[in-house]
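Some notes on the structure that comes next.
In the working numbering, the protein residues as written are 1 to 432.
This is the structure:
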């Protein structure tokens, strides 16, 4: 039975005898808790969006400047691979350092070093130095690359887990991963477009100089943003995590890393094969513009994933959208002109964006306590190393065997995405 508190209208005779007072509707924790936009602040999202643009320009920018200055698509592919190797080897260590010491010192150091490496690379490519120095400079770019996208995901997931009520976390995390993947897709479309525009209007070295300036300014701002001070409460006072390092190598997490590696392989293979396809028609510099057809659709569909019903589980999304990616790759093989290729790229856009969102969501759900930045950088490194490795292999195929052979590579990459999706489904049987 409801008892009126002292000082309430019922206590002072404000209700009629025999009539129960209607209890005021209490504001629940869910209703009063602020949204993620309020918790992080709008400037954060703007800064984080621009800060990830240099990362999207690196692989394509390196490929463009090397092909122009050294006149070798094969060397361009190897140089892109060197960027990916640097990121794959060092990126997870940057994530682990951020998990332990905080993102701010790690990102500030990476921003300064990477800005210097980007500018130095342009000088090395145009110098008479041997190609070994070009590859070494490319490796340094990848090794110092600020992991803005993984750091942003980790930062936001930590805020959600520690500052939002439990009933809102799953939905907010899904929406956040959708936004983050859409942001990645957008910059990975705009990145090649910007590289192509700057290379055409100014010079092939211009994209690297622009990426250097953006890194220094916006990655620096991202590092200094107040949210960078937020350290997961799941860590002890000395910075150690409650979870063991061995938990990062659980099969259910590694299969997600392999799946996202397949997506990276697809990105690199598709862009390089498309460059060869357009080069056969005498307009290689327009490859980035045509690549945007896939990216725009991918970004839009990535945002839409947040509104998919919960019954459409992450496991099924991986299989369904991976299957669409595989079907689009088959269409790429049949493309005989620019129009047909454009249609194939539009189909691919339907599959690749939602697949990427799904994989990041699974990675966030399976991250060991206190190691979210490490996991997110592992996933980010998977995308980059896959993109770079596929660019190198596809470049060799295009130069040695022609465009038809290169166009097979996106199909192989899509098959890897589907195969890992099947493996994931077998590892996680349906629950009642």
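Beta carbons: idealized from backbone N, C-alpha and C, even for Gly.
Item: Among 224, 103, 140 and 176, which one has its Cα closest to the Cα of residue 114?; Value: 140
Item: Quick one: using the 10 Å Cβ neighbour count with 16 as the cut-off for buried, is residue 307 buried or exposed?; Value: exposed
Item: Thinking residue 154 and residue 376 are a contact (beta carbons under 8 Å), I'd like their distance in whole angstroms, please.; Value: 5 Å
Item: Among 252, 127, 298 and 203, which residue has its Cα nearest to the Cα of residue 476?; Value: Only positions 1 to 432 of the chain appear in this structure, which leaves residue 476 out of reach.
Item: How would you label residue 358, buried or exposed, when you count the other beta carbons within 10 angstroms and need 16 or more for buried?; Value: buried
Item: Cβ of residue 392 within 8 Å of Cβ of residue 77?; Value: yes
Item: Along the alpha helix (DSSP H) that carries residue 284, what are the first and last residues, could you check?; Value: Unbroken run through residue 284: none, as it is neither H nor E.
Item: If I follow the unbroken alpha helix (DSSP H) through residue 130, where does it start and stop?; Value: Note, residue 130: premise wrong, no alpha helix (DSSP H); not H, not E.
Item: Smallest Cα separation from residue 348: which of 428, 292 and 82?; Value: 292
Item: Counting pairs of beta carbons, one from the segment 169 to 189 and one from the segment 63 to 75, are three or more of them closer than 8 Å?; Value: no
Item: Which residues in the same chain have their Cβ closer than 7 Å to the Cβ of residue 28, if we skip the five residues on either side of it in sequence?; Value: For residue 28, the predicted model reports a pLDDT of 46, less than 50, meaning its position is unreliable and no value from the coordinates is stated.
Item: Does DSSP classify residue 202 as helix, strand or coil?; Value: coil
Item: Assign residue 274 to one of two classes, buried (16 or more other C-beta atoms within 10 Å of its C-beta) or exposed (fewer than that).; Value: buried
Item: To the nearest angstrom, how far is the alpha carbon of residue 198 from that of residue 250?; Value: 44 Å
Item: Within its chain, find whatever has a CB closer than 6 Å to the CB of residue 81; leave out the 5 residues flanking it on each side and keep chain order.; Value: 388, 389 and 392
Item: Could you check the C-alpha separation between residue 413 and residue 265 for me, to the nearest Å?; Value: 6 Å
Item: Nearest to residue 164 by alpha carbon, out of 408, 39 and 68?; Value: 39
Item: Counting only the same chain and skipping the five closest in sequence on each side, list residues whose C-beta sits under 6 Å from that of residue 215.; Value: 54, 111, 114 and 115
Item: According to DSSP, is residue 177 part of a helix, a strand, or is it coil?; Value: helix
Item: Quick check on residue 155: does DSSP put it in helix, strand or coil?; Value: helix
Item: When you compare the CB positions of residue 263 and residue 366, do they come within less than 8 Å of one another, or not?; Value: no
Item: Assign residue 360 to one of three DSSP states: helix, strand, or coil.; Value: helix
Item: Nearest to residue 363 by alpha carbon, out of 314, 320 and 400?; Value: 314
Item: Sort 106, 360, 395 and 400 by Cα distance to residue 383 and report the nearest one.; Value: 360
Item: Is residue 126 helix, strand or coil by DSSP?; Value: coil
Item: By DSSP, does residue 168 sit in helix, in strand, or in coil?; Value: helix
Item: Less than 8 Å between the CB atoms is what I'm expecting for residue 87 and residue 381, so what's the real figure, rounded?; Value: 5 Å
Item: Work out the CA separation of residue 97 and residue 294 for me, nearest whole Å.; Value: 35 Å
Item: Rounding to the nearest angstrom, what Cα-Cα distance links residue 424 and residue 386 in this structure?; Value: 19 Å
Item: Quick check on the burial criterion: 16 or more other C-beta atoms within 10 angstroms. Buried or exposed for residue 127?; Value: exposed
Item: For residue 50, which residues of its own chain have a beta-carbon under 6 Å away from its beta-carbon, when the five flanking residues on both sides are left out?; Value: 218
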